[in-house]
Amino acid sequence: MSVKLICINHSWMFLAVIFLELFLKSHSGTAGRQSSLAIHGADFSTKDMDNDNCTCKCALMLSGGWWYDACGPSNLNGVYYRQGQHVGKFNGIKWHYFKGPSYSLRSTVMMIRPADFS
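Taken in order, the sequence shown gives residues 9 to 126; the numbers are from this note's numbering.
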């Protein structure tokens with residue numbers, strides 16, 4: 009976390025900036041390879057905080073925050089599309105190595121726990 013100070017009209021304001029970095033120890037499941045996630049150490053990008061490796065602002069273009077690496081290959085915070093409208097959507101809920109890069113999933117669950125969990 010980084011802390012910034014701002015002085016406006018002789019009043020001090022504190023602004024805390026948190027960068028959520030992704031580090032994977034392991035993964036399990038039946039939804040394809042872990043490489044659908046961005047590289048280790050990727051920063052979380054949002055519409056108002058662009059931390060991805062692309063000049064195109066992935067979070068704006070793909071409709072949600074995620075650990076983007078040049079806008080792909082996954083985005084579990086994408087737009088939900090109804091049946092029949094879910095194919096060919098770049099900004100949908102996607103996991104590349106499960107159904108491909110343009111198939112929008114109906115729902116997902118992402119479970120995270122500390123690396124020292126026992």
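Virtual Cβ for every residue (Gly too), placed ideally from N, Cα, C.
Residue i burial status per 10 Å Cβ neighbour count (16 or more: buried)
i, result
"I120", "exposed"
"L45", "buried"
"S53", "buried"
"Y76", "buried"
"C66", "buried"
"D60", "buried"
Beta carbon of residue i nearer than 7 Å to that of residue j
i, j, result
"H104", "S71", "no"
"S8", "I101", "There is simply no residue 8 to check, as the chain begins at 9 and stops at 126 in what is shown."
"T116", "L68", "no"
"A39", "C62", "no"
DSSP state of residue i mapped onto helix, strand, coil
i, result
"Y111", "strand"
"M119", "coil"
"L68", "helix"
When the options are compared against residue i, the one with the closest alpha-carbon
i, options, result
"G73", "C62, N61, G86 and C64", "G86"
Alpha-carbon to alpha-carbon, residue j and residue i
i, j, result
"G127", "G80", "This structure does not reach residue 127, given that the chain is present from 9 up to 126, and the question cannot be answered."
"D51", "Q93", "30 Å"
"Y88", "K97", "10 Å"
"G37", "K107", "14 Å"
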